[in-house]
Structure formats: C-alpha cells, structure tokens
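Q: Sending over a structure as structure tokens; questions will come in a sec.
Protein chains: 2
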Amino acid sequence: MARAATTSDAFNAIAEPQRREILVLLQGGERPVTELARDLGMSQPQASKHLRVLREVGLVRVRGAGKQRLYGLDARGLRPVHEWVGGFERFWNETFDRLDEYVRDLKQARQEEPPDDDDQ
Amino acid sequence: MARAATTSDAFNAIAEPQRREILVLLQGGERPVTELARDLGMSQPQASKHLRVLREVGLVRVRGAGKQRLYGLDARGLRPVHEWVGGFERFWNETFDRLDEYVRDLKQARQEEPPDDDDQ
DNA sequence: CCATCATATGCCTATATCGGAATGTGTAAA
DNA sequence: TTTACACATTCCGATATAGGCATATGATGG
C-alpha cells in the first residue's frame, strides 16, 4: 500500500509546504489561481493541483468571478489538527525536565552502589 | 518528483494516522516496541518502521533497557506545528461569518438590479 | 558458546505522490 | 463566431511510500 492520499484529511493536505504557503497567502483574502502561482513561484498547473487537494479536504473554497476563480480560506478543517497537536502542549514543556531528572537519578544511583550494575 | 519524505519534518511524520496513535500512546510514558505494536494492532516491523520515522524527525527518543528498547515522547517538534496551525485560529471562527455576509450582499445586489446579470 | 527474546532491517508489491509539458474547458470580449 | 484569457485536467517520469514477510542484529540468560 502506498502513502495515504493527500486528500484523505487535513493532516495529509498540510504536509506539503507549498500548500501551507497557499493557505497562509489566503489569510489575506480571496485570490485567483494565477496570482497565487506567481506569488509562490510555481506553475499555474501546480497551483491548480494544490488547490484541488485543499478543496477536496475542505480547507479552501472557490467562487467563480467572471473569467476568474477566486479561492478563499476555509480554516475550519484546521481546528481538529490544532486540537490534536494541542494535546501535547504540556509534554513539550515537561518531557525533557523529566528526562533530565531521570538522568540525574541514574547517575546518583550509580554512585551509591558502585559494585552492583543492576541497571544500565 | 515524489512526495516529500516522511522524515523531512513533523508535518509529514504526523500525516500518518498510526504514527499519531503511537505518539498518543507514548503520552502515557515510555514503552517497548512490542507493546506498542500489540496495543495498536500492527505488526512489530511496522511499529519499528513508524518509530524510526518518528525518531528521525525527533518526535521520539529511544533508551536501551536491557533486552528492550523503550521509546519515549519528545513533543518539542510538535510545537512549530501547533504554532503554524494556531495562526489560523481566528479564521476558523471568522471566515464563514464573512462568507455569509458576502452571500447576503450578493442576493441584495441582485434584487436591486434585476435586468443586469452582471454577476453570477 | 548457544538459545532465546526484542527489535531492526531488507526485499517486494502496489500505489500515490509532485513536477513539467501539453492540452482541454469555460467564460468573456472583439 | 473567433480570439483571448483564466483555469483545470491529462499524461508522463521519478520517487517514496505503507504493509507483509523473511531475516539480520543485539542483548540476556543458561
């Protein structure tokens, strides 16, 4: 089996840096494809493809405006991502204090019982 | 060119659901590979492979404990992800109020000038 | 040293990617 | 209708995936 489709969920969709850039640009408001492509230095077809992916996971909305198609942000799909990652918030502060503690304890234990290499 | 490597950054590493599950499990503390594999219903080799990826992006730490290897969480790499996604926080609340507004304006504009199908 | 347990790695298949180039579609103006 | 513009789609190639299976590596205990 191959890697999961980029269209499977927001996690996969935002794994691609260029798509992340598109989303950031769209924070400034709706934009046509060509403008996005130009600003991000990518080809128009590539921009269209990325936008398709973003549309399929619902992170982006299209609206026909005459000859153009304006893409706009729909950030609701990012909320679950934010919440999932947020579940680790306490760990990226605590984890390594704990690890340091553990290391200190280990060293201390060694000094206290030199002949017995129980741990390690 | 193919898709970016899963080992390229945390965004790619957490795009895979099973790896996310591993990280969640590790919130409960260090665990050996076999236990993770069993709890998540995956083969031992698969667990090892996923852990390898997580290790390469620095989301996980290993520690030899006798015959076993205990994997522990290192969530620091998730912080940039959280921050990036957090940059959209105001949008998943505002965006659609704006869109609703836009739609209302559009309808109103149509009623005001019925013969001229300027938009649509 | 040998057997065993825990884990890692290699090989294989099928698939889905991203990028480029060319082309198709749709809308609007001449 | 023809032309022009904006955008979408298709075909191509190279690559990297996830999973299964077999096997190699590594540490422990006898």
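Sequence lines, in order, name chains R and H.
Throughout the first sequence, residue numbering follows the UniProt record's numbering, covering 1 to 120 in sequence.
Throughout the second sequence, residue numbering follows the UniProt record's numbering, covering 1 to 120 in sequence.
Heads up, the beta-carbon is just placed ideally off N, CA and C, and yes, glycines get one too.
Quick one: what's got a C-beta closer than 6 Å to R:R20's C-beta in the same chain, skipping five residues either side?
A: Closer than 6 Å at Cβ, skipping near neighbours: I14.
Q: Using three-state DSSP, classify H:Q27 as helix, strand or coil.
A: Coil.
Q: Taking the beta strand (DSSP E) that R:V60 belongs to, which residues open and close that run?
A: First-last of the beta strand (DSSP E) with R:V60: V60 to A65.
Q: With 9 Å as the threshold, decide whether the Cβ of R:A75 is near any Cβ in chain H.
A: Yes, R:A75 counts as interfacial toward chain H.
Q: In chain H, what lies closer than 8 Å to R:E16 by C-beta?
A: R3 and A4, listed in chain order.
Q: How big is the Cα-Cα spacing for H:V85 and R:F91?
A: About 18 Å.
Q: Beta carbon of H:D74, beta carbon of H:G58: below 9 Å?
A: Yes, Cβ-Cβ distance for H:D74 and H:G58 is below 9 Å.
Q: Apply the 10 Å Cβ neighbour rule to R:M1 and answer buried if 16 or more other Cβ atoms are within range, or exposed otherwise.
A: By the 10 Å Cβ count, R:M1 comes out exposed.
Q: Suppose you measure from the CA of R:V60 to the CA of R:L54; what does that come to, to the nearest Å?
A: One C-alpha to the other measures close to 6 Å.
Q: Pick out whichever of R:G29, R:G28, R:I22 and R:Q27 has its Cα sitting closest to the Cα of R:Q44.
A: Of the listed residues, the one whose Cα sits closest to R:Q44 is R:I22.
Q: Can you list, in chain order, the residues of its chain whose CB lies under 8 Å from that of R:T7, leaving out five sequence neighbours each side?
A: Excluding residues within five positions, the ones whose Cβ falls inside 8 Å are A13, V53, E56 and V57.
Q: Provide the residue(s) that pair with R:R69 in DSSP beta bridges, ordered along the chain.
A: Looking at the DSSP assignment, R:R69 forms a beta bridge with R:G64.
Q: Spell out the partners DSSP gives R:P32 in its beta bridges.
A: DSSP output for R:P32 lists R:L70 as bridge partner(s).
Q: Quick one: what's got a C-beta closer than 6 Å to H:E94's C-beta in the same chain, skipping five residues either side?
A: If we look at H:E94 and ignore the five residues flanking it on each side, it has no Cβ neighbours.
Q: Would you please verify whether the beta carbon of H:V57 is less than 9 Å from any beta carbon of chain R?
A: No - not a single Cβ of chain R is within 9 Å of the one on H:V57.
Q: How would you write the range of the alpha helix (DSSP H) that R:V57 sits in, first residue to last?
A: Segment: none, R:V57 is in no alpha helix (DSSP H) and carries neither H nor E.
Q: Can you look up residue 136 of chain R in the DSSP assignment and give me helix, strand or coil?
A: It is not possible to answer for residue 136 of chain R, since the shown part of chain R is limited to 1 through 120.
Q: In this structure, how does DSSP classify R:A4 when only helix, strand and coil are distinguished?
A: In this structure, R:A4 counts as coil in the three-state DSSP scheme.
Q: According to DSSP, is R:I14 helix, strand or coil?
A: In the structure shown, R:I14 sits in coil (DSSP, three-state: anything other than H, G, I, E or B).
Q: Under a CB-based cut-off of 9 Å, is R:G41 close to chain H?
A: It does not: the Cβ of R:G41 has no partner Cβ on chain H nearer than 9 Å.
Q: Whose CA, out of R:G72, R:A10 and R:L26, lies closest to the CA of R:P80?
A: Answer by Cα proximity: R:A10.
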